[in-house]
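Residue numbers (this note's numbering): 141 to 288. For reference, the structure discussed in these notes is given below.
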């Protein structure tokens, strides 16, 4: 049976996951540049080694009470060379876990940013869709271009 690796993390009181293949790195909360007029789910911009990337606010995207702590983390997500990197602000990153296909269930209800759920010893873990997260940043960019 094949397995797929996922990075698990906490936003608010709930555990979520991202496919490991989409996660480039995890960094402690750096200084972010706030953006006037940005959608509420965009917390700001991050200068990552000379590249400016948008950072999405996990709490706003995932209907959790909005908080930011000094020990919060940013998961840097990148799909491939054709997609810009983006950051996802989360409370805590837990671990890499491996899930077999029989523990994965497609999830198409509610939010379009959730792609599936994983069954684990800790319970059911919703998995975020990196492509849908990137689509949010493209929409933000287009809105910003229309305003100028």
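Glycine included, each C-beta is placed from N, C-alpha and C at the ideal position.
Could you check which residue in the options has the C-alpha nearest to that of residue i?
i: residue 171; options: 179, 177, 229; result: 229
i: residue 242; options: 236, 153, 258; result: 258
i: residue 209; options: 196, 231, 154; result: 231
i: residue 143; options: 261, 239, 149; result: 239
i: residue 165; options: 245, 233, 237; result: 233
What are the partner residues of residue i, as DSSP defines its beta bridges?
i: residue 154; result: 151
Are the beta-carbon atoms belonging to residue i and residue j less than 8 angstroms from one another?
i: residue 268; j: residue 254; result: yes
i: residue 215; j: residue 169; result: no
i: residue 175; j: residue 227; result: no
i: residue 266; j: residue 247; result: yes
Grouping DSSP H, G and I as helix and E and B as strand, with all else coil, what is residue i?
i: residue 86; result: The requested residue 86 does not occur in the structure, where the chain is confined to residues 141 to 288.
i: residue 171; result: coil
i: residue 277; result: helix
i: residue 238; result: strand
i: residue 249; result: coil
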